[in-house]
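In this note's numbering, the protein residues as written are 164 to 777.
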Amino acid sequence: MNCSDIGERCIILGAGTKAGLHLTANDLEAHYLAGGNVPNVVTALISAQKANIALDFRMAAAIDLAGRNVAEAVQMSVNPKVINTPPVAAVAKDGIQLIAKARVTVRANIKQLVGGAGEETVLARVGEGIVSSIGSAVSHKVVLENPDSISRVVLDKGLDAGTAFEILSIDIADIDVGKNIGAQLQMDQAQADKNIAQAKAEERRAMAVALEQENRAKAQDARAKVILAEAEVPLAMAEAFRNGNLGIMDYYKMKNVMADTAMREAISKPVDKKRRPVCRGDCDMSVEELTSALETYIRESPRNYVDEAMALVPSDVGQRLYDTPLVRVGSADDPEWEEMKRPEAVGHLFRTPKEWLPEAVSVVSYFAPFSDFVVEGNKRDAVDVGNGWLYARVEGQAFLTEVNRFLERWFRERGYRAVAPYASAGFRYVFEAGTNAEIADKSLSFTSNWSERHVAYVCGLGTFSLSKGLITERGVSGRFGSVVTDAPLPVTKRRYTGLYDYCSMCGACVRNCPAQAISLEHGKSHHLCCSYFDTLREKYALRFGCGKCQVNVPCERENPQKRISSVFELHFVRKEASPYPDVKTECSFGSCALREPPKVNRQRRSGGLQHGTA
164 MNCSDIGERC IILGAGTKAG LHLTANDLEA HYLAGGNVPN VVTALISAQK
214 ANIALDFRMA AAIDLAGRNV AEAVQMSVNP KVINTPPVAA VAKDGIQLIA
264 KARVTVRANI KQLVGGAGEE TVLARVGEGI VSSIGSAVSH KVVLENPDSI
314 SRVVLDKGLD AGTAFEILSI DIADIDVGKN IGAQLQMDQA QADKNIAQAK
364 AEERRAMAVA LEQENRAKAQ DARAKVILAE AEVPLAMAEA FRNGNLGIMD
414 YYKMKNVMAD TAMREAISKP VDKKRRPVCR GDCDMSVEEL TSALETYIRE
464 SPRNYVDEAM ALVPSDVGQR LYDTPLVRVG SADDPEWEEM KRPEAVGHLF
514 RTPKEWLPEA VSVVSYFAPF SDFVVEGNKR DAVDVGNGWL YARVEGQAFL
564 TEVNRFLERW FRERGYRAVA PYASAGFRYV FEAGTNAEIA DKSLSFTSNW
614 SERHVAYVCG LGTFSLSKGL ITERGVSGRF GSVVTDAPLP VTKRRYTGLY
664 DYCSMCGACV RNCPAQAISL EHGKSHHLCC SYFDTLREKY ALRFGCGKCQ
714 VNVPCERENP QKRISSVFEL HFVRKEASPY PDVKTECSFG SCALREPPKV
764 NRQRRSGGLQ HGTA
């Protein structure tokens with residue numbers, strides 16, 4: 164021990180002596196050599212003597228060597244310490260969760276400092292006591308009315324046994340009502356019971372289906388036996404003729420009886436309502452029912468939402484592609500279908516509804532508007548295509564094919580035949596006729612045998628725009644689909660007579676087109692548009708799309724002529740105040756050969772509506 168250590172020891176020894184402690188240098192030196200904090204021990208002894216606490220040097224040294232701050236322990240014996248418990252959650256018997264916070268007042272137990280548990284044990288025991296007290300309560304209201312009941316229960320448990328502290332009091336500082344755990348458990352149990360019952364029902368249904376199939380097989384087997392037996396009748400009759408047991412007159416009398424029986428059976432059969440040729444207001448099914456089913460399918464189908472597999476960025480996951488659809492119905496006997504075969508319209512490749520389904524009665528056409536996610540995303544930049552528009556153009560179109568097949572199933576389940584031309588194997592699309600040996604007529608480029616836009620026009624969904632889109636009551640931003648069926652449905656009356664009644668010819672789509680494929684003089688050029696699409700395919704890899712002519716335009720989300728007609732009379736706008744005096748607004752496919760946007764500045768344009776695409 165050097166001189167400084169000796170001096171410090173002497174100072175400490177002197178301080179203890181002045182305080183009335185009987186300390187020896189050997190005791191201090193021994194504690195020092197054992198790694199103890201001699202000044203802390205002497206300070207604790209002095210504080211204990213002044214506070215009249217029984218503490219000798221050996222006990223103080225043992226506490227110090229045990230790793231505890233003996234001076235702080237003595238101080239805590241004089242001034243008790245308050246410990247705040249973390250929030251403790253417990254559930255009463257009525258299923259309501261309570262969250263309690265407690266303030267535990269403790270003081271050090273000198274005798275238990277060596278070998279006694281610390282603060283963590285005290286907090287754990289107090290938390291356990293709170294949980295036990297709340298859990299034993301019949302109702303959470305009882306606990307809320309008397310929070311001190313928790314303190315009494317916890318104090319009676321003797322939680323400070325074996326610890327280095329003595330619990331003086333436990334006070335509930337805060338208590339809050341949490342979740343209704345009982346109700347949640349009941350809901351989970353009910354859901355589990357429902358799943359079990361549903362599984363059992365599915366099992367019974369599967370067994371019923373299997374039994375039905377088995378019975379059908381038995382019926383077919385029995386029918387085959389009947390056919391075999393009936394095949395023996397002509398042989399027996401021939402044998403009877405040869406043996407002279409049956410004469411010619413007997414044979415004819417039998418045939419007359421059979422014919423009379425067949426006639427009576429035909430008269431007695433009820434009329435098949437599902438095969439009525441035309442619906443005149445007494446239909447056994449409604450467009451509202453069909454529309455509701457279509458809305459539900461589009462809304463609930465996961466294919467209508469961006470998933471992780473298709474998402475270009477994580478923030479796009481879960482975004483919707485299509486909003487609530489708009490449904491209209493056309494007649495399969497409408498003379499406009501034959502007009503579509505004209506070269507000025509779609510072309511001779513176009514197949515009428517009855518060419519797709521000979522028994523066709525109705526044509527259902529729907530417009531699926533793009534969601535705000537698709538439209539607003541494509542409006543942010545004049546050239547770059549929004550992610551939503553790319554999804555809707557590729558994955559969204561594939562989803563509409565599924566929607567068409569859903570409509571086919573929907574009609575079949577009700578006993579009707581239905582064909583979705585665009586989703587069928589017979590659909591054909593001609594991109595560039597000159598490259599196809601089968602179709603050499605270049606005037607038939609960019610055409611198909613079923614144009615969804617032209618079908619929508621005939622069914623009453625809307626009229627064409629300068630950009631060759633179709634403007635509906637909900638605008639032009641969206642996609643179309645259709646199905647041909649023999650189901651009789653109320654036919655939608657067209658609210659327009661001209662091809663461009665809904666287009667204001669404002670020229671906004673002309674300004675928006677990055678490919679400069681649209682003009683007021685010549686309408687839209689498919690060649691320029693498709694050439695631009697080729698560059699987009701290279702830019703966006705597997706996806707493509709543009710749609711700049713369908714956003715940031717007056718017809719984006721509505722019929723622009725509706726706004727005009729709210730201020731002026733519609734006939735005044737069309738006839739008296741029109742900026743395009745050469746526009747023939749009253750023409751239709753059947754009354755004139757106009758298949759192009761209205762003339763502007765008295766210049767003849769080409770293109771127009773010629774060659775519809777799906």
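Beta carbons are placed, not taken as given, at the ideal position from N, Cα and C, and that holds for glycine.
{"query": "Cβ separation of Ser528 and Cys622, assumed to be a contact under 8 Å, to the nearest whole Å", "result": "4 Å"}
{"query": "Pairwise C-alpha distance: Gly341 and Ile297", "result": "13 Å"}
{"query": "Inside the region 483–552 only - beta strand (DSSP E) runs reaching at least 3 residues", "result": "489–494 and 525–532"}
{"query": "Where Asn715 sits in the DSSP three-state scheme", "result": "coil"}
{"query": "Spatial distance of Ala688 from Met473 (CA atoms)", "result": "Per the sequence shown, the amino acid found at residue 688 is Ser instead of Ala. Whole-angstrom Cα-Cα distance: 31 Å."}
{"query": "Cutoff 8 Å: Val450 Cβ touching any chain C Cβ", "result": "Absent here is chain C; the protein component of the structure consists of one chain."}
{"query": "Straight-line Cα distance separating Gly258 from Asp351", "result": "14 Å"}
{"query": "Where Leu307 falls: helix, strand or coil (DSSP)", "result": "helix"}
{"query": "Contacting residues, own chain, Cβ-Cβ under 7 Å from Arg657 (five flanking each side not counted)", "result": "Gly623"}
{"query": "The region 561–573 / the region 633–644 touching (three or more Cβ pairs under 8 Å)", "result": "yes"}
{"query": "Val396 - partner residues in DSSP beta bridges", "result": "Answer is none; Val396 lacks a bridge partner."}
{"query": "Selected residue, minimal CA-CA separation from Ile246, among Ser295, Glu329 and Ile313", "result": "Glu329"}
{"query": "Where Ile359 falls, given that 16 or more other Cβ within 10 Å makes a residue buried", "result": "exposed"}
{"query": "Distance between beta carbons of Ser614 and Val492, contact taken as under 8 Å", "result": "With 8 Å as the limit, Val492 and Ser614 do not qualify as a contact, their Cβ atoms being about 18 Å apart."}
{"query": "Neighbourhood of Ala300 by C-beta distance below 7 Å, restricted to the same chain and skipping five residues each side", "result": "Ala255, Lys256 and Val306"}
{"query": "Three-state secondary structure (DSSP) of Asp334", "result": "strand"}
{"query": "CB-CB length for Asn722 against Ala671, believed under 8 Å", "result": "About 15 Å separates the two Cβ atoms, so there is no contact after all."}
{"query": "Helix, strand or coil at Asp339 according to DSSP, with G and I counted as helix", "result": "strand"}
{"query": "Val269, buried or exposed, once every other Cβ within 10 Å from all chains shown has been counted against 16", "result": "buried"}
{"query": "Delimiting residues of the alpha helix (DSSP H) encompassing Phe609", "result": "Segment: none, Phe609 is in no alpha helix (DSSP H) and carries neither H nor E."}
{"query": "Val469, DSSP secondary structure in three states", "result": "coil"}
{"query": "Range covered by the beta strand (DSSP E) that runs through Phe675", "result": "The sequence shown places Asn at residue 675, rather than the Phe named in the question. Where Asn675 is concerned, there is no enclosing beta strand (DSSP E), although the alpha helix (DSSP H) it sits in stretches over Ala671 to Asn675."}
{"query": "Between the CA atoms of Ile293 and Ile333 - distance to the nearest angstrom", "result": "10 Å"}
{"query": "Coil, strand or helix - Lys631 by DSSP", "result": "coil"}
{"query": "Contact check, Ala531 vs Val647, beta carbons under 8 Å", "result": "no"}
{"query": "Own chain, CB closer than 6 Å to Val582, minus 5 neighbours either side, in chain order", "result": "Trp519, Leu520 and Val647"}
{"query": "8 Å contact criterion, which Thr326 and Val289 should meet: CB distance rounded", "result": "Actually they do not touch by this definition, with Cβ atoms about 11 Å apart."}
{"query": "Element boundaries [beta strand (DSSP E), containing Ala253]", "result": "Val251 to Val254"}
{"query": "Inter-residue Cα distance where the pair is Asp445 and Trp573", "result": "Per-residue confidence for Asp445 stands at a pLDDT of 45, beneath the threshold of 50, marking its modelled position as unreliable; the derived number appears in the next sentence. Computed Cα separation, rounded: 20 Å."}
{"query": "Nearest-angstrom Cα separation, counted from Ile335 out to Lys264", "result": "6 Å"}
{"query": "Simplified DSSP state of Gly290, which is helix, strand or coil", "result": "helix"}
{"query": "Residue burial classification, Gln724 (beta-carbon count within 10 angstroms, cutoff 16)", "result": "buried"}
{"query": "Neighbourhood of Pro488 by C-beta distance below 8 Å, restricted to the same chain and skipping five residues each side", "result": "Thr454, Leu457, Glu458, Ile461, Tyr529, Phe530, Ala531 and Pro532"}
{"query": "Cβ separation of Tyr585 and Ile634, assumed to be a contact under 8 Å, to the nearest whole Å", "result": "In fact, because the Cβ distance is near 21 Å, the residues do not count as touching under 8 Å."}
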